[in-house]
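Here the structure comes first, spelled out in structure tokens, and everything after it is commentary.
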Amino acid sequence: MELANFSFYYGNTVDEQAIGALAYRNSAKTMQGSLIHDFEVNIAVVYEGTPDEPPIQHSIVNGERCQVISVGLDDLHRELLSGTHKILIKCLLEGDIIKDSQDRLSNLRRDFLRFAEPFREQKLFIGFAHFLQKYVDAKTLLQDDRVLDAYHTLLEGLHYWAGLELIERGIHPESAVWEQITGLNTPVRKLYEELTISTETLGQRVELALLAYEFSMISKLESSSALLIRVLRSRRHPWTVQELTLHPELAPVSRELPIVMRKLIYRGLVKELPMWRDSRSHGTETIRYCMDL
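If you use my numbering, the sequence shown closes out at 297, no skipped numbers anywhere.
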């Protein structure tokens, strides 16, 4: 069946609210128990803002199972950075572009595949934030004597650490990140082996791993936060966190901003400045952020 025949999902002419659509046809002949493989065709319909259409629709068209996903352009950008929505990523990177107003989807695909900025900086920022969160969580769990939970959290954090090592080398992290990291001059794989097969007690392994985490976190903090630092330096007037989250380059990483910002402040790389509003604020101060002067 021709992919163009799927245009009826958004009318004989594409919905005016949709900026484009992509279709990924599964080449597998058998079902494999996933949402990608259990549908012969997956279609992503992309909108400028929040779609009015249901986020997911399932239908059988000419005997073929079809899944249609409606998504906003900003959310699609976010999913590319996080790498969690495998179907949308398949549609954008491997699917056919059915419609593309002003070439926005083709440009998005091109920039992502080239790892062009700000994609690389944004992906590095998100990966570092997740790595930092795992470090904080594991440290808290160990303090609460929940050693096994801390151990599991550190293993999850190593996956983000390996991803950072790849991004720093201009390589897109994939699901098989440990295969990608093989052969690279990086301590993360050795730490993984020490954490999993060492003869020391579990608590000792966790404590040693936390020391390695902290060293890596400190060494990567400034380079992984380059996007935020550059925006902070782009004007002389200090920024509120609301202004930062609305900045075009920072909007896709807005969820990760707080934890990275606090670490930058703790390490003395960013200043926080309480600013009095007026007498009507009843003693409330707005915190603004700037680079250390």
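Cβ atoms here follow ideal geometry from the backbone N, Cα and C, with glycine treated the same way.
- Secondary structure at Thr200: helix, using DSSP grouped into helix, strand and coil.
- If one requires a minimum length of 4 residues, the alpha helix (DSSP H) runs lying completely within the region 126-199 are 151-172, 181-185, in chain order.
- In the three-state reduction of the DSSP assignment, Leu277 falls in the strand class.
- In the three-state scheme derived from DSSP, where H, G and I count as helix and E and B as strand, Asp100 is classed as strand.
- Residue state for Arg271 is assigned as coil, using DSSP reduced to three classes.
- If you draw a straight line from the Cα of Ala230 to the Cα of Val274, it is about 12 angstroms long.
- When secondary structure is reduced to three states using DSSP, Asn30 falls in the coil class, being assigned neither helix nor strand.
- With respect to the 7 angstroms criterion, Val151 and Leu80 are not classified as neighbours on the basis of their beta carbons.
- Of all C-beta pairs linking the region 201-221 to the region 106-121, fewer than three are shorter than 8 angstroms, placing the two stretches out of contact.
- Taking a contact to require three or more Cβ pairs closer than 8 angstroms, the region 160-178 and the region 137-144 qualify as touching.
- Per DSSP, reduced to three states, the secondary structure at Asn46 is strand.
- Of the residues Ala180, Glu172, Glu204, the one whose Cα lies closest to the Cα of Asn189 is Glu172.
- Within the same chain, Ala154, Leu214 come within 8 angstroms of Lys143 by CB-CB distance, once the 5 residues on both sides are set aside.
- Counted as a single uninterrupted DSSP element, the beta strand (DSSP E) harbouring Arg292 occupies residues 289-295.
- In the structure shown, Ser63 falls within a strand segment according to DSSP collapsed to helix, strand and coil.
- Residue environment for Gly24: buried (at least 16 other C-beta atoms within 10 angstroms of its C-beta).
- By the beta-carbon neighbour count (other beta carbons within 10 angstroms, threshold 16), Glu289 is exposed.
- Scanning its chain for C-beta atoms nearer than 6 angstroms, with the 5 sequence neighbours on each side dropped, one finds around Tyr196 the residues Leu162, in chain order.
- Excluding the 5 residues flanking it on each side, Gln21 has same chain C-beta neighbours closer than 6 angstroms at Tyr51, in chain order.
- For Ile73, DSSP records a beta bridge to Ala48, Ile60.
- Distance from the CA of Ala48 to the CA of Glu83, rounded to the nearest whole angstrom, comes to 13 angstroms.
- In this structure, Asn46 and Ile91 form a Cβ contact; the two beta carbons are roughly 5 angstroms apart against a cut-off of 8 angstroms.
- Three or more Cβ pairs closer than 8 angstroms define a contact, and the region 115-135 meets that threshold against the region 252-261.
- The Cβ neighbour count for Thr200, taken over all protein chains shown within 10 Å, is under 16; the residue is labelled exposed.
- In this structure, the straight-line span from the alpha carbon of Pro191 to that of Ser228 is close to 18 angstroms.
- Per DSSP, the unbroken alpha helix (DSSP H) holding Arg234 starts and ends at 230-236.
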